[in-house]
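A short write-up of the structure that comes next.
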Amino acid sequence: MTISPLLAGLCDDAALFPPGNAPMDAAVPAHLAHERSDHAALVGPFVFPAPRLGELPAIVAQQDGELELSLTVPAGTDAVPAALEQLRSMDGVKLVAMEIGVPDGQAPDALLTALGEIAAAAPGVEIFVEVPRDDRRPAILAGLVGTPYSAKFRTGGVVATAYPDEAELAAAIHTVATSGVRFKATAGLHHAVRNTDPDTGFEQHGFLNLMLATHRATDGATVEEIAATLADRDGTALAGALAGLSAEAVDALRANFRSFGTCSISDPLTELVGLGLVPRSSTEPSAPTGSVDSTSTEEGPLA
């Protein structure tokens, strides 16, 4: 089954992270099973926390196939060299990306210097910077312009304050879309379409909203227009607008919005099928299903 270019590599597998917290000995084989399924093209790398690298060799040794990792390093750039050293001696694993936190007190210029050293030590690895929601954000985003580094935006968590409202997220999307900085999103994207969680009451962003908002941002929309797209709860309209994009528009969208982290591959897949963006037969592989959806906040550590 063919996954369209609109959705290729959209879902990074963050099964280990809250609220999923899948056991590693179940999450790793489940990820590899998804990679063998007919929806494999939807699936990005396995998101893995650097503090748990010591647990990985024993699990990988029991598997067939290479595990592609996106390594989260919440402690920041200072913790990266030790993590890279651990990975160099590990068989059956390929590092394809790193998602690096920015600790309190790290200045934007110091961050960029450290990123240059990391890129030299890990050629070919895509580097994401988790851009903090503080007064350093504008300078960090400006510093990423024209570099090979990408941004990572946190879009939710386990408390209401972890969710940026439409205006805040729209401003972030507008900034990266108009400056050519790639980004990924993580946490709180439990559904394809914006919704109110019935248990917590949290207002949650939808990943299709983010995709269409990114397209409109690259097409010249204002921050206010982007915010309106993020607030849209009409899933049929969102899916229809995305399905109607030209090949060139899809390429531009996905060059900007790389992926999002999700604790479950099956949940977004099921919703994409329901909205007509993925053929129904793609929900019929033998790959295990997940019990929960998107990733939560970084503390813990989280994706």
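For the sequence shown, the working numbering assigns the number 22 to the initial residue and increments by one for each residue that follows.
Glycine residues also receive a C-beta, built at the ideal position from the N, C-alpha and C atoms.
- Excluding sequence positions up to five before and after residue 160, its CB lies within less than 8 Å of the CB of 129, all in the same chain and listed in chain order.
- In this structure the segment 86-105 lies against the segment 55-75, because at least three pairs of beta carbons, one per stretch, are closer than 8 Å.
- The segment 186-224 is shown to contain whole alpha helix (DSSP H) runs of 4 or more residues at 187-200, in chain order.
- For residue 129, the secondary structure class from DSSP, reduced to helix, strand or coil, is helix.
- Beta-bridge partners of residue 245 (DSSP): none assigned.
- With a cut-off of 8 Å on Cβ pairs, the segment 256-266 is not in contact with the segment 177-186, counting fewer than three such pairs.
- Taking a C-beta distance under 8 Å as the contact criterion, residue 236 and residue 270 qualify as a contact pair.
- With a cutoff of 8 Å on beta-carbon distance, residue 266 and residue 250 are scored as not near each other.
- Collapsing the DSSP output to three states places residue 87 in coil.
- Taking C-beta separations shorter than 6 Å and ignoring five residues to either side along the sequence, the partners of residue 115 in its chain run 87 and 89, following chain order.
- Listed in chain order, the non-local C-beta contacts of residue 239 below 7 Å within the same chain comprise 198, 273, 274 and 277, local neighbours out to five positions each way being set aside.
- With contacts defined by Cβ atoms closer than 8 Å, residue 70 and residue 37 form a contacting pair.
- Per DSSP, the beta bridge partners of residue 149 are 120 and 171.
- Listed in chain order, the beta strand (DSSP E) runs fully inside the segment 46-114 are 64-70 and 88-94, counting runs of at least 3 residues.
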